[in-house]
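Okay, so the sequence shown: first residue is 203 according to this note's numbering, each after it adds one.
Don't be surprised by glycine CBs; every beta carbon is placed ideally from N, CA and C.
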Amino acid sequence: MTTTIIRGGTVVNADRAFKADVLCVDDKIVAVGQNLEVPAGAVEIDALGQYVMPGGIDTHTHMQLPFMGTVTADDFFSGTAAGLAGGTTTIMDFVIPNPKQSVLEAYHQWRGWAAKSAGDYTFHVAITWWDESVHRDMGTLVREHGVNSFKHFMAYKNAIMADDETLVRSFTRALELGAIPTVHAENGELVYMLQQDLIKKGITGPSAHPLSRPPEVEAEAANRAIAIANVLNTPVYIVHVSCAESLDAITRARAKGQRVYGEALAGHLVIDDSVYQSEDLEFARAHVMSPPFRSKHHQEALWQGLRGGNLHTTATDHCTFCAEQKAAGKDDFTRIPNGCGGVEDRMSVVWDAGVNSGKLTPSEFVAVTSTNAAQIFNMYPRKGVVAVGADADILVWDPEATRTISAKTQYAKGGFNVFEGRTVRGNPSHTIAAGKVVFANGELRAVEGAGRHVDRPAFAAVTAR
Ligand code: URP
Ligand code: ZN
Ligand code: ZN
Ligand code: ZN
Numbered sequence: 203m204t205t206t207i208i209r210g211g212t213v214v215n216a217d218r219a220f221k222a223d224v225l226c227v228d229d230k231i232v233a234v235g236q237n238l239e240v241p242a243g244a245v246e247i248d249a250l251g252q253y254v255m256p257g258g259i260d261t262h263t264h265m266q267l268p269f270m271g272t273v274t275a276d277d278f279f280s281g282t283a284a285g286l287a288g289g290t291t292t293i294m295d296f297v298i299p300n301p302k303q304s305v306l307e308a309y310h311q312w313r314g315w316a317a318k319s320a321g322d323y324t325f326h327v328a329i330t331w332w333d334e335s336v337h338r339d340m341g342t343l344v345r346e347h348g349v350n351s352f353k354h355f356m357a358y359k360n361a362i363m364a365d366d367e368t369l370v371r372s373f374t375r376a377l378e379l380g381a382i383p384t385v386h387a388e389n390g391e392l393v394y395m396l397q398q399d400l401i402k403k404g405i406t407g408p409s410a411h412p413l414s415r416p417p418e419v420e421a422e423a424a425n426r427a428i429a430i431a432n433v434l435n436t437p438v439y440i441v442h443v444s445c446a447e448s449l450d451a452i453t454r455a456r457a458k459g460q461r462v463y464g465e466a467l468a469g470h471l472v473i474d475d476s477v478y479q480s481e482d483l484e485f486a487r488a489h490v491m492s493p494p495f496r497s498k499h500h501q502e503a504l505w506q507g508l509r510g511g512n513l514h515t516t517a518t519d520h521c522t523f524c525a526e527q528k529a530a531g532k533d534d535f536t537r538i539p540n541g542c543g544g545v546e547d548r549m550s551v552v553w554d555a556g557v558n559s560g561k562l563t564p565s566e567f568v569a570v571t572s573t574n575a576a577q578i579f580n581m582y583p584r585k586g587v588v589a590v591g592a593d594a595d596i597l598v599w600d601p602e603a604t605r606t607i608s609a610k611t612q613y614a615k616g617g618f619n620v621f622e623g624r625t626v627r628g629n630p631s632h633t634i635a636a637g638k639v640v641f642a643n644g645e646l647r648a649v650e651g652a653g654r655h656v657d658r659p660a661f662a663a664v665t666a667r
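So this is what it looks like as C-alpha cells:
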C-alpha cells in the first residue's frame, strides 16, 4: 500500500479553490480536508504556498505515430514520461488505421505500442475509410474497448482524409453508439490544390506551408463539420482550432444551442507565423505542423475563446520529428512530416501566458487543462478533479518556480522545442500519478509500463443497432 499526503496547499478545482490537505491511498484520493492526520509511513509532501491541482490531460498527442513516411521520435514511454515531468498525467492519443486497414486490428496494434507508457493513456480512433466492417468495429470499440470518441481528418488527401460520405456515416454511427465525433478541420482538396500551385510556381520551401493552409481553408471544414453534426443532431469536437474564423464557426453554432466543443493547442496560443519566414530553413521546417502557426490576431482570438467558453480544452498535438526526418521535405515543403512537440511544456506555457497575464484564473486554468477534457470525453470524476474517489493524479504547482524551456534540457525526443528560450513562471514541484510521486523537484521517476489504459464508457444508454 502506498500512502501519500499533500499538506498545507491550496486545492484548485475548476469550480473553486480552498485550503486543504489531500490524502491518497494507492491510486485513489481518499480524503480532502483541513488538518488531516498523517498516517504512519505516509509519504509527506509540503505544499505550503503551492497549488494542488488535478493532473493535466492532454487531449491530443501522437506517440510512435507512423506518419508521412516516418515514425514520430517520441514513443509512448518517452512521450508520457515527458508529460509527467511537465504535469500531464493522462494523454489522449490517436489510433490511425491506414485506409482499408481493419479498425480493430489498428486499435490492438496501438494498444500494444502504448503498453510501455509511464502515464495513463486513452485513444480516439480515427475513421479513415468506410465499409460495413468499420460500422461493426466502431460498435465493438465502444462496447468492449472503452472508446467513446472517433476522429476524422478532413485533410491529408491521398492518405488518411475522410470524405463527406465517411464523415456522415461515421458521425451517424457515433451518435447511435453514444460516442463523440471529432475532426481535424481543414479542407483537404483546397490544401492539395494550393500546394500544387505553390510547387508549380517554384515556391518549395517551408514558408509555403502556411500559404497552402490559410484560415479560410480551416474555417470551411469547421463550418462543414458543424453543419453535418447539426443535421445529424450529434455533438462534435473540433481539434486544434487555430484561427479566428474557425472559432467564429464554433461560437455561432453554440449561440444557436448546438453542442460544439473546441480545442486550442499551447503552440497556437503563443507562437506566431513569423517562424516560417526564418532564413534558417531547418528551424522553419521544425515548425511545420497543420494547421500552421498564425498571426497574433488569431492568438488573441483563441485566448478569448478559452476565456469566453467557446474553446474548452488545451492540448499539444505532440508529434515530434527530428531534423533529419523533417529534411525529407527540404526540396518540397509538402513532404515535411507535419508535427511539433509540447507535451512537456503545455501546462507551464498555458499557466505562464494565461494565468500570469490575468487572461485565466487558476480555476479556469484547471478547467481548460483537465476538467473540461475529462467531462467532454467521459472520464470525470475519475480524472479532472481533486476529490475523494478520483484517481490520485495530482500536481503540486509552484506558481513562483521559473524554468527556461530548452531542447537541451527536455525529456522529450526530437532535439527541438518550439518554445525554446521561453521562461515560464509556474511549474510542478511534484507530479503524482496513480498515487506515486513520479516527478519531484526536477527529478523524473517515470516507470516504463506504469501507465494504464483509461476506459471511457459511452455517453448514454443508447440502443446500438
Ligand atoms: O501537423 C500535425 N498536426 N501533425 C499531426 C497530425 C495531425 O494533423 O494532427
Ligand atoms: Zn478486441
Ligand atoms: Zn490534425
Ligand atoms: Zn494531431
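In the structure shown, residue 653 falls within a coil segment according to DSSP collapsed to helix, strand and coil.
One thing to note: residue 229 has its Cβ within 8 Å of the Cβ of residue 593.
Rounded to the nearest angstrom, the Cβ distance from residue 278 to residue 309 is 15 Å, too far for a contact under 8 Å. The beta-carbon distance between residue 256 and residue 477, rounded to whole angstroms, is 32 Å. This is too long to meet the 8 Å contact definition.
The beta carbon of residue 209 sits closer than 8 Å to those of 223, 238, 240, 246, 247, 248, 249 and 250, all from its chain and outside the five residues before and after it, given in chain order.
Not one heavy atom of ligand 3 is found less than 7 Å from the C-beta of residue 448. Residue 543 is not a Cβ neighbour of residue 425, given a cutoff of 8 Å.
Note on geometry: alpha-carbon atoms of residue 380 and residue 538 lie some 37 Å from one another. Ranking 406, 509 and 467 by CA distance to the CA of residue 487 puts 406 first. Residue 453 sits in a helix when the DSSP states are folded into three classes. Within the region 477 to 509, the alpha helix (DSSP H) runs of at least 4 residues that lie entirely inside it are, in chain order, 483 to 488. About 10 Å separates the CB atoms of residue 321 and residue 289; that is not less than 8 Å, and the two are not in contact. Residues of the same chain with a CB within less than 7 Å of the CB of residue 347, apart from the 5 flanking positions on each side, are 309 in chain order. When distances are taken from the beta-carbon of residue 519 to the heavy atoms of ligand 3, the shortest one is below 7 Å. Residue 375 holds the alpha-carbon nearest to the alpha-carbon of residue 434 among 591, 375, 502 and 597. Taking 3 residues as the minimum length, the beta strand (DSSP E) runs contained wholly in the region 237 to 292 are 245 to 248, 253 to 256 and 258 to 263, in order along the chain. When the Cα atoms are used, residue 575 and residue 293 turn out to be separated by approximately 10 Å.
By the neighbour-count definition (other C-beta atoms within 10 Å, threshold 16), residue 354 is a buried residue.
Counting along the chain, residue 219 sits inside the beta strand (DSSP E) bounded by residues 219 to 227.
Between the beta-carbon of residue 628 and that of residue 572 there is about 15 Å, and that puts the pair past the 8 Å contact cut. In this structure, DSSP gives residue 599 an extended state, which the three-state scheme calls strand.
Contact between residue 528 and residue 280 does not hold, since their C-beta atoms are separated by about 18 Å, which reaches or exceeds 8 Å. The residue from 450, 430 and 413 with its alpha-carbon nearest to that of residue 421 is 450. No Cβ-Cβ contact shorter than 8 Å links residue 465 with residue 417.
By a beta-carbon distance limit of 8 Å, residue 595 contacts residue 585. Their separation comes to about 7 Å. At a Cβ-Cβ threshold of 8 Å, residue 272 and residue 530 count as neighbours.
When the Cα atoms are used, residue 562 and residue 454 turn out to be separated by approximately 23 Å. Using a 10 angstroms sphere on the CB of residue 631, the tally of other CB atoms reaches 16 or more, which defines it as buried. Residue environment: residue 555 is assigned as buried (16 or more neighbouring CB atoms within 10 Å of its CB, all protein chains considered). Beta-bridge annotation (DSSP): residue 639 is paired with 634. Under the DSSP assignment, residue 564 falls in the alpha helix (DSSP H) whose first and last residues are 564 to 568. If you ignore the 5 residues before and after residue 302, its C-beta comes within less than 7 Å of the C-beta of 331, all in its own chain and listed in chain order.
Taking the Cα of residue 579 as reference, the smallest distance to any Cα among 601, 349 and 613 is reached at 349. Residue range 366 to 379 is occupied by the alpha helix (DSSP H) that includes residue 368. A residue is called buried when at least 16 other Cβ atoms come within 10 angstroms of its Cβ; residue 220 does not meet this threshold and is exposed. In the three-state scheme derived from DSSP, where H, G and I count as helix and E and B as strand, residue 591 is classed as coil.
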